[in-house]
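Protein chains: 2
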Amino acid sequence: MVVYLIGRIRDKANRFIIASLRKHSLEGFAPSHGDILYALFIKGPMSMKDLASIIHRRKSTVTTLVNKLIDAGYVNKESDPRDDRVSIISLSETGRELKETLVDISESLLSQLYQGFTDEEKKELMRLLARLHENA
Amino acid sequence: MVVYLIGRIRDKANRFIIASLRKHSLEGFAPSHGDILYALFIKGPMSMKDLASIIHRRKSTVTTLVNKLIDAGYVNKESDPRDDRVSIISLSETGRELKETLVDISESLLSQLYQGFTDEEKKELMRLLARLHENA
DNA sequence: CGCATTTAGTTCGACATCTAACCATTACCA
DNA sequence: TGGTAATGGTTAGATGTCGAACTAAATGCG
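Chains as they are written, first to last, in our numbering: chain U, 128 to 263; chain W, 128 to 263.
Take a look at the structure:
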């Protein structure tokens, strides 16, 4: 039953994110695209490999995700001068403008999920989930 | 961060299930196929619509999932004599034999996740997740 | 009764995701 | 130094999943 609940919550959170993105004229983008943008907001330009490791997706998946973001004009890709195998992904000007939107979405999702939770309950939930995560 | 943890746990649980299915010579099947079989074990034969509602997938998705199970010989589909629109899905003999395997997989996943948890902690986790689920 | 609406399933096209195979380039070592 | 191994990315093919359009059958209403 834990697994069931976790799966359902994940599904619903994903739908919330997709719907929110659509509302902010980001029609057709998935949570993973948001994850990539978010990583770039926080950590700045980085390689495909690092992106893959942060968002926990395979490198081939990151290739297609990033290509879509490039086509949409939100990120740029250039070759690392120090290593020609490496591509460095960075936010474009338009990409940077999405930061507020993504932060908003993340916060409103969180506040909806946590409705009626005390701070102590949130902490307890995080502790328990962290242990589940370590066991998995 | 909750959403992150939940997503990661779900991913890992799914991989655990897929790997376990493969070990039991159920190569190429996904957790959702297991969900369908499980529903049939518990509730007996039912329509596509009911299956979709129980496993929380769209009916078009259930069509393809069930087709794969039919091809593999684990379930049968026949028309409901009372309503020609309805297809009734039921377990075949080989399908029924999978019950023990699926129960095993489910139990070993659960016992791995819950390693080090007291009964009270499990209950508390379920309570908190249920509330998250209601809010979502 | 007859036609419009609802309902159960399938089909179609799109997409995120995976694995495996492949291509370049860099790193390592004998 | 030269060749083999490792590494970063892309491509190809498969699959679960979705929404939308479609078909067929049942329901409901005038």
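Cβ coordinates follow ideal geometry from the N, Cα and C atoms, glycine included. These numbers come from a predicted model, not from an experiment.
Own chain partners of residue i with C-beta closer than 8 Å, once the 5 adjacent residues on each side are dropped
i	result
Ser206 (chain U)	Val213, Ser214 and Ile215
Thr188 (chain U)	Ser159 and Ala179
Ser235 (chain W)	Ser147
Ser219 (chain U)	Gly200, Tyr201, Val202 and Asn203
Gly171 (chain W)	Ser217
Ile197 (chain W)	Asn203 and Lys204
DSSP state of residue i mapped onto helix, strand, coil
i	result
Arg185 (chain U)	coil
Glu205 (chain W)	strand
Ser238 (chain U)	helix
Leu132 (chain U)	helix
Ser152 (chain U)	coil
Ser219 (chain W)	coil
Partner residues on chain W for residue i, Cβ-Cβ distance less than 8 Å
i	result
Ala257 (chain U)	Leu132
Same chain, Cβ closer than 6 Å to residue i, five either side skipped, listed in chain order
i	result
Asp162 (chain W)	Ile182
Gly243 (chain W)	none
Close Cβ partners of residue i (< 7 Å) along its chain, the five nearest in sequence each way excluded
i	result
Ala157 (chain U)	Ile145
Cβ neighbour criterion (16 or more within 10 Å) applied to residue i
i	result
Val202 (chain U)	buried
Gly222 (chain U)	buried
Met175 (chain U)	buried
Val230 (chain U)	exposed
Arg254 (chain W)	exposed
Arg209 (chain W)	exposed
Ile169 (chain W)	exposed
Neighbour list for residue i in chain W, Cβ cutoff strictly below 7 Å
i	result
Leu252 (chain U)	Val129 and Leu255
Leu236 (chain U)	Val130
inquiry  = For the stretch 134-153 of chain U against the stretch 175-185 of chain U, do three or more pairs of beta-carbon atoms, one drawn from each stretch, fall closer than 8 Å, so that the two count as touching?
reply    = no
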